[in-house]
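Numbering (UniProt numbering), first residue to last: 1 to 980. Idealized CB from N, CA, C, for every residue including glycine.
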Amino acid sequence: MKLLVLPQLLHGGEVHSVDIDSSSRYVATTGNDTDICVWDYSQLSRLEGVSEEEISKIQPTQTIKIHESPVRVARWSTVQPAYLASGDVNGFVYLTNITDLSHKLLYPWPSAKDKEAEIADISWSADSRLLSWSTSDGRVHIYDLVKETYQSLNETTDDGSKGKTSSQKSIAFNHSNSNFVTMGLDTFLHVYQYHYDASDNYQFKLTNKISKLMNNNPTTLMAIHYERISWSSDDEFFSVPSASKQHTSLISLLSRSQDWEHKVSLVGHDVDCDVVKFSPHIFQAKEESSEPDAHNIYHIIASAGSDKTLALWNTTKESPIAVLREVSEKPIVDICWDRNGQQLILASLDGHLTFVKFDPLELGEPITEERLQKLKDTQRAFIKPFSAKDSETTTKRGQKSGSDLIDQKDSIKLADAFAEPVKTKSEKRVTSAKKKEEEKEVNIAPEVQGDITSEVLSSNTPGQIDDIMSTAMGDRTKASSSTPLAKTKTTAKAKSETSTPTTANQKTSTKNGKKRIQPMLISNGNGQAAQSSTLTKSIGGDNESRASTKSLMEFDRPSYGVSQEIHKDSKRNRSQEDGGPAKKARRDLEPIKFVGTAVLNPNTAFAKVRLSIPKVRMSFQLSCRTDDKMLLDVRNGQGNENAPSRITCYKNESPIWSDFIPRYIQLATEGNSFWAVCTADGQIITYTHVSGKRFLPPMVLGSPIVFLESHGDYLMAVTAIGELYVWDMGSKKIRLHSPSSLASILDSHSKFREDTLSKSENITMCSITSKGIPLVTLSNGSGYLFNSDMGVWQTVTEAWWAFGSHYWDSIGDDKVSSEPQASKILRAGDESILGLLEHKTNEEIIRKSRVGRGKYFNKISKNLIMKEGFENLENTISLSHMENRILCSELLGEFKDFHDFLITYCRRVCELGLKAKLFELCEKLLGNGSMENPVEESQVCGYDRKELLKEIIFACAQNRDAQRVLQYFSKQLGLIEDDY
């Protein structure tokens, strides 16, 4: 085997397709330019032993220039070698005769719809009568060269009842004029059967839909532009690249004789195989068998893809017989064999052609023509008789077979299509109006005469604004924000039809002749169960294995019980709202109430928030943060006096102290000078760090504890009803207690019902910083901190900023906390709390979208930025994101992040010409010169105000739009004395 790369850079640096004609005389290549190059194959096949200078002088014999856009694919006719079909990215398909260089436009004609859809693949039938091509909009087109007719195999309708939703990346006719296969971007296969009737018209019928090989990996589907399927020479197999089976990507060979069952798997390319091509010959093994009629025959398959690797496969072996890595610098997108099966030509996106030549009998001994004919005759026996009246059946694969007949009688005459005049918009409106008048029914609707216009009243506040404040919005932002509000006209219409409400919980479905009623879930949320404070996923890649070894915390479901009084009140209110006659209330027996009953805790029974409670574990351990040799071991008993739970502290595997508690222990944590454990009934028991002496008497919270976290001298607890407590254990005082608890951030009121509870977002992380500030992240991607001075929760991150901010994920990975526990953030001093919270937001976005961040964030460019008045959307979101970062860094005491974000924000403001924001920021840093509290006035977030202002002036000095503002503050600081 010999390999040679043609040194010439072809087609503007990218070769998209390569094909050899049936006579092995010509080679056609297409690429990133508008040319189709035709090469002399005899010249290309004799490159062995030729000098590099002579090879570099090889040029195409003909260059066809009929396309106006890059040509995606070109394919030779299988019977008539002179005919070449080609398609480009704008949807134009040409048929060219190489002998006289005449060409004919096949598609689109002037009145064709979807004429700009990109051509994905082209295929000829075995008799070269039918030419088919697929486009990026999912349609498959058929052209008959004999009768010159056009038809779409999957013409879509307005309701989408017919047609393929996925783009058909590859199509292929078999060699016996009986089957036609299309493969979509998601590896969904459509198998057609076709024949010619007595009138010499073709008829197509969809016989199989194969979806069990679908590969829905979002990381690969968006990057695939080329797919090539292939039939074996005896039509027994056709190959499917990038298939999927049991979460493994592979090349799948489906057998026609076994009703399209998966027969052979070729595993090795992972998810990077896109191109597969069968050798034109079938080979037989050299070993002689004991039985004279037994023959060990096999196929040779060449595969390649975006991994830049060429692999050769023997269908009787599990591993490839040859692997050539780094054949090209960019992905390989097309492969073709010559007629003799002795040479391969590869096309790659680096702009080069690669030739692989095999020695005689290197791949095996080809079978004789007689044996090949016997194989083909055997395959013809598996072809089912074509019947247009076949009923829809079910195959072994569980897919429905049979479909509407696609007849050539419904096709379009190409000459008539090009001769048909193009209708103008006014003609189309008149035609559609006539159709509506013929079909419409009499509807009586009230008419509203006149136009209803909306006006916006603006208030004028006179005042004098200086030059700097008058240009508060830069020239770049004025254009988009000054769009006038157009007057909107609305016409009132009466609805003639009433919709019947349907109940979601009464849907019935029939399966195997049996009816069943689908139950309605009590909770309508779609989140996962709340997680514990221990992060099961670490942010750094090195700690993933360490974090994955930890066991997941299990939780009990919260109570869904509702008071009977609420149910009675709601029924009474409904009867009053209906306006019907008041029914006589049934007099129930009043229950006897006892004074001082301990059956119900009112705080718990009527709580608005109910969180999942961690399950009691048989045993668990907690390692010491400061001493690796010390750990706390907890072993639960029966939760009573007969079998109490045991707490033991070990150092060097020797017990230091122990304690026994007649209750179940759920969680444990460690501070600088204490250990803390919580029991199932809501008590917190604390011990000193070294000797195990009781640090405080047990603290009774009244409800089970969901989160127990500590950092430094601060201890935080969150109860099952959402109450939040933070204590300063050094001074033994409470630091904060939120009256509204977690209810304000869980947003439970948006799903509130009278007679039941509703499911809200889940808490994915709950932690506390070294300054005693609680941090909470939810399953919707939002992150919050609690401001004890203001007594409210404040938003740190949310998915909206990830949706449109330029600065999202701008914090380096080296600053993101890589500890497996959220309570260990900021231990090394250079880690970022904001980076941790933004990383949690990214995780929730990816989990909910399930298509990858690229496709999720692509919505903003399609839906919002293209609208009028939203041109400046991303800049506005980016500035809001940076402003929130600066404020949160100041609250959290993130000095380094505060400094970096402030400088970046000022530079961005100067670039956009927002002088008012820059002036206000600099004025705040300069201060008013008050000497009441000189320490606070002179510093902000650990930095000297004037030094920080100087740094901002030097960082923004290169922007001419901001020099007037910077000059003013430079004079105030004494940096400059005179104007210049």
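- In its chain, beyond the 5 residues on either side, Tyr107, Pro108, Asp114, Lys115, Glu116, Ala117, Glu118, Ile119 and Thr135 have a beta carbon closer than 8 Å to the beta carbon of Gly91.
- Taken through DSSP and simplified to helix, strand or coil, Trp260 comes out as coil.
- Residue pairing by DSSP puts Ser654 in a beta bridge opposite Lys651.
- Of the residues assessed, Pro774 falls on the buried side of the cut-off, its CB having 16 or more other CB atoms within 10 angstroms.
- For His899, the uninterrupted alpha helix (DSSP H) segment begins and ends at Phe895 to Leu912.
- In summary, Lys867 is exposed, with fewer than 16 beta-carbon neighbours lying within 10 Å of its beta-carbon over all protein chains present.
- The C-alpha of Cys922 lies about 7 Å from the C-alpha of Phe969.
- Contact between Ala802 and Thr841 holds, since their C-beta atoms are separated by about 6 Å, short of 8 Å.
- Pairing Leu153 with Thr187 gives a Cβ-Cβ distance that is not under 9 Å.
- Looking at the backbone, the Cα of Val609 and that of Ile721 are separated by about 5 Å.
- Secondary structure of Thr378 (DSSP, three-state): helix.
- About 4 Å separates the beta carbons of Pro81 and Ser23, which is inside the 8 Å limit, making them a contact pair.
- Membership of Ser102 in the beta strand (DSSP E) is indicated by the continuous run Ser102 to Tyr107.
- Per the DSSP secondary-structure output, Lys205 pairs in a beta bridge with Gln193 and Leu405.
- Under the 10 Å beta carbon count, Met729 is surrounded by 16 or more other beta carbons and is classified as buried.
- Per the C-alpha coordinates, the member of Glu148, Leu130 and Lys147 positioned closest to Val140 is Leu130.
- Relative to the Cα of Asp809, the nearest Cα in the group Ile833, Thr795 and Val792 belongs to Ile833.
- Where Phe954 is concerned, the enclosing alpha helix (DSSP H) starts and stops at Arg945 to Cys956.
- His899 has its alpha-carbon roughly 37 Å from the corresponding atom of Leu622.
- For Tyr725, same chain residues with a beta-carbon under 6 Å away, outside a window of 5 residues either side, are Ala717 and His737 in chain order.
- Under a 10 Å Cβ-count criterion, Met882 is classified as buried, with 16 or more other Cβ atoms of the shown protein chains found around its own Cβ.
- Going by DSSP, Gly804 is part of the alpha helix (DSSP H) stretching over Ala799 to Gly804.
- Shortest Cα-Cα distance from Glu369 to any of Ser319, Ser348, Arg339 and His281 involves His281.
- Under the three-state reduction of DSSP, Lys924 is assigned to helix.
- Under the DSSP assignment, Cys37 falls in the beta strand (DSSP E) whose first and last residues are Ile36 to Asp40.
- Measuring C-alpha to C-alpha distances from Tyr196 to each of Leu879, Arg46, Pro331 and Ser387 identifies Ser387 as the nearest.
- Cα atoms of Phe173 and Ile846: separation of roughly 39 Å, rounded to the nearest angstrom.
- Annotation for Ile142: the continuous beta strand (DSSP E) segment containing it runs Val140 to Asp144.
- For Pro614, the beta-bridge partners assigned by DSSP are Phe555.
- Closest in alpha carbon position to Leu324, among Asn296, Phe355, Arg339 and Lys693, is Phe355.
- Collapsing the DSSP output to three states places Leu973 in a helix.
- Residue environment for Arg75: buried (at least 16 other C-beta atoms within 10 angstroms of its C-beta).
- With respect to the C-alpha of Ala962, the residue from Ile976, Arg945, Gly913 and Leu975 having the closest C-alpha is Gly913.
- The beta carbon of Glu641 sits closer than 8 Å to those of Pro662, all from its chain and outside the five residues before and after it, given in chain order.
- Non-local C-beta neighbours of Ala322 in its own chain, meaning closer than 6 Å and more than five positions away in sequence, comprise Leu312, ordered along the chain.
- Just measuring C-alpha positions, the residue of Ile647, Asn636, Phe620 and Asn652 sitting nearest Asp628 is Asn652.
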